[in-house]
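Engineer: Handing you a structure now.
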Amino acid sequence: MDEIVAEYIRRTVLKIPRHEIKTMLQTWGFLSEAQLQTVNFHQTKDSVSREVVQLCKDNSADIKQAALLDIIYNHVYPNKRIWSVYQMNKSGEETDFFDLRDFKKKFKRRLQTALKNVTINFKEYEDNAIWIRIAWGTPYKKPNQYKTSYVVYHSQTPYVFISASVIRSTLPLLCQALVVASNYHDIREMELRSHCLNSLKDIVFKRYSQTFQTYYPRPLQERNVTSENVDLRIIQENKNEKERILRVNREVFGDGPQPKLEFAQYKLETTFKSNPSLDVSDIKEPFRCLVKFSSPHLLESLKSLAPAGLADAPLSPLLTCIPQKARNYFKIRERKGIFPGSFVSP
Amino acid sequence: GVLAHLEALEARAHALALRQEAAEQHEEELAGLRAKAQELRLRRDRLRAQVELQQQQLLGNEGVAPSAEPDAAQRSARAVLEWKTRSVQDLLQLFYLTGLSGKRTKHGACFCLSTAYEGTYLGCFYVDVTVRPQVRIRRHSVPAFIPLQQLAARHLPADLKRFLSVLSDHLNAYVGRRYQADQLQERFSSHLGGTVQRNSLCNVLAFSYNTSGRSESFPFSARLLYGDPCRSLPTEAVVLC
């Protein structure tokens, strides 16, 4: 077995938390159950990884198996990387059947004709997600297994989730290969990025809870009517206002959990507007300003702003439109409203 | 000496007396305020009772005088209201069961497309449209693999009815195919080798199976293609042995 492959497997095993190593190796399926029994998973990770590598050597693992283990690791821990969402476009309405073999063949062929030194691996999951792992090399060097890009594509949807490698120049090549393989015309980057892959999927596939006005009685959650004060002599002066805030909040954000985003960025390119008495209003150049909101869970914190009394309800539509517009990077220009990102054709 | 001591004691007694007086005054004030609060509460209760009485009178449409009569009128009015509410709810439920229902919103309307397959209701999808200046989709909960944008480009803004009808066909067909695939997996799992391979739209199914359900080998492999996105039956089937 290649030393590079051995070292790669060892390092991948080291990344896995100790209590998860056995389950992940079982999912991988390359080592038999009997072989796994021989490993003591309670010793230090260093020793565990060396034993695993030894077993892999016995089974003559190659780079394909190692790549598969890497994909499995990233599938279980996708939040370690930052994902961007891309949208593909096609004119014409033919509903294609999406042949997986055809897709894989075209993708590989396109990438390999452009760049010979790449390692490409695929894995399909139950929810129709296709995971693609690409390790990049140069025309003169073999692929560097530590500089990888990952692509998650759900067939028959126009959306692709890419976690790019540090080598920025590989991105256009990757996009081109995707467009060709999936029979689309062009691809553009949506202004939507986050660590949480599932939340990005929820946003673009519209799986998060939206409130729609409907007559059909949805089962309303019984809200606990436990009032802290049973004393009827105390009257809440602001009861109406509080109820209004809760109602408006509910209409905007819905009842369910919000998708998890870490930041929202607004780039302002508006002119400075001020009191006419100050002499700065004649500056015609836009006042460049960048506002960035960050939080471990941005949308949940926005949802709790109004009930906590920290902001007026309803919140600014610039904040509440994030899941619906499927973007968290905005450019605000003068008077024309929000300016969307531009298309990039290969 | 002793005189100073006596003076000190006198001063202390004086101070104590003052404090006691102050405490007594405080107690009196407190008692006075409590009595006032009690009085106000009684007054408030009386006024509340009066207000309720007046409301009852208005509902009962009687003249002055309290007692049982406005209660009866109130009860029958309430019964009528309940009946009306129930019949409206049933009507709305009926609309939901037809597969297409809607509600006007301040922007336009929100349509609910409910889907079913052979008598089983399978969930609903929403499309929120604005009508001014043209009919345009504002928000929706349609999955990404249904070609919503293409359908909208083709039928809107001219023919909303047609658009909804075609979208409903697509959604019902997709949901029907998905349901069939789920049922196949669930009810014939002993005949199937592994899981049924499908794609997002469930219009390509591939699986291997046997006919007996008891043996370990799955000699047949089938591939079903559903060519028409608006139908939930396959257009092509390839079986290999």
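If you read the sequences in order, they're chains V and L. Take the first sequence: its position 167, counted from the start at 1, is 167 in the UniProt record's numbering, and no numbers get skipped. Take the second sequence: its position 68, counted from the start at 1, is 68 in the UniProt record's numbering, and no numbers get skipped. Every residue, glycine too, gets a C-beta built ideally from N, C-alpha and C.
(1) Which same chain residues, not among the five before or five after ASP169 of chain L, have their C-beta less than 6 Å away from its C-beta?
(2) Could one say the Cβ of LEU173 of chain V lies closer than 9 Å to chain L's Cβ atoms, at least one of them?
(3) Mind pulling the chain V residues with CB within less than 7 Å of CYS110 of chain L?
(4) Which residue comes first and which comes last in the beta strand (DSSP E) that contains LEU224 of chain L?
(5) Grab the span of the beta strand (DSSP E) containing THR119 of chain V for me, first residue to last.
(6) Kindly list, in the order they appear in chain B, the residues whose Cβ is closer than 7 Å to that of SER200 of chain L.
(7) By the DSSP assignment, the beta strand (DSSP E) with ASP128 of chain L in it spans what residues?
(8) Which residues in chain L sit within 9 Å of PHE41 of chain V, going by Cβ to Cβ distance?
(9) Taking only three categories from DSSP, how would you classify GLY256 of chain V?
(10) With H, G and I counted as helix, E and B as strand and the rest as coil, what does DSSP make of PRO323 of chain V?
(11) Put GLY63 of chain L into one of helix, strand or coil per three-state DSSP.
(12) Per the DSSP calculation, PHE287 of chain V is bridged to which residue(s)?
(13) First and last residue of the beta strand (DSSP E) that includes CYS110 of chain L?
(14) For LEU92 of chain L and TYR215 of chain V, which I take to be in contact (beta-carbon distance under 8 Å), what is that distance rounded to the nearest angstrom?
(15) With a threshold of 16 other CB atoms inside 10 Å of the CB of ASN128 of chain V, please say whether the residue is buried or exposed.
(16) Using alpha carbons as the reference points, say which of L:VAL204, L:ALA222, L:ARG177 and L:TYR209 lies closest to PHE188 of chain L.
(17) Could you pull out every unbroken beta strand (DSSP E) segment of at least 3 residues lying fully inside the region 48 to 131 of chain V, listed in chain order?
(18) Quick one: Cα of SER114 of chain L to Cα of TYR146 of chain V, how far?
(19) Out of V:PRO17, V:ALA264 and V:LEU299, which has the shortest C-alpha to C-alpha gap to SER49 of chain V?
(20) List the residues of chain V that PHE145 of chain L touches, going by C-beta distances under 7 Å, in chain order.
(21) Take CYS175 of chain V as the anchor and find which of V:ALA326, V:ARG288, V:TYR140 and V:LYS108 has the nearest alpha-carbon.
(22) Do we get a CB-CB distance below 9 Å when we pair VAL204 of chain V with the residues of chain L?
(23) Check the Cβ of THR105 of chain L against every Cβ in chain V and list those closer than 8 Å, keeping chain order.
(24) Could you pull out every residue in the same chain whose Cβ sits closer than 7 Å to the Cβ of GLY193 of chain L, ignoring the five residues on either side in sequence?
(25) Taking DSSP as the reference, what is the three-state secondary structure of ILE190 of chain V?
(26) Using a Cβ-Cβ distance under 9 Å, would ASN224 of chain V count as near chain L?
Structural biologist: In brief:
(1) CYS230
(2) no
(3) PHE212, GLN213 and THR214
(4) 220 to 225
(5) 118 to 124
(6) Among the chains of the structure shown, chain B does not appear; the protein chains present are V and L.
(7) 120 to 130
(8) Those do not exist, as PHE41 of chain V stays about 29 Å from chain L at its closest Cβ, beyond 9 Å.
(9) coil
(10) helix
(11) Residue confidence is low: GLY63 of chain L scores 47 on pLDDT, short of 50, so the model does not pin down where it sits. Its coordinate-derived value is still stated next. Looking at GLY63 of chain L - three-state DSSP - the assignment turns out to be coil, as it is neither helix nor strand.
(12) V:THR270
(13) 108 to 117
(14) 5 Å
(15) buried
(16) L:TYR209
(17) 83 to 89 and 118 to 124
(18) 48 Å
(19) V:PRO17
(20) GLN156 and THR157
(21) V:LYS108
(22) yes
(23) GLN213
(24) SER208, TYR209 and PHE218
(25) First, the amino acid is wrong: residue 190 of chain V is Met here, not Ile. DSSP places MET190 of chain V in strand when its eight states are reduced to three.
(26) For ASN224 of chain V, the predicted structure reports a pLDDT of 49, less than 50, and the residue's modelled location is therefore unreliable. The matter cannot be settled from this model.
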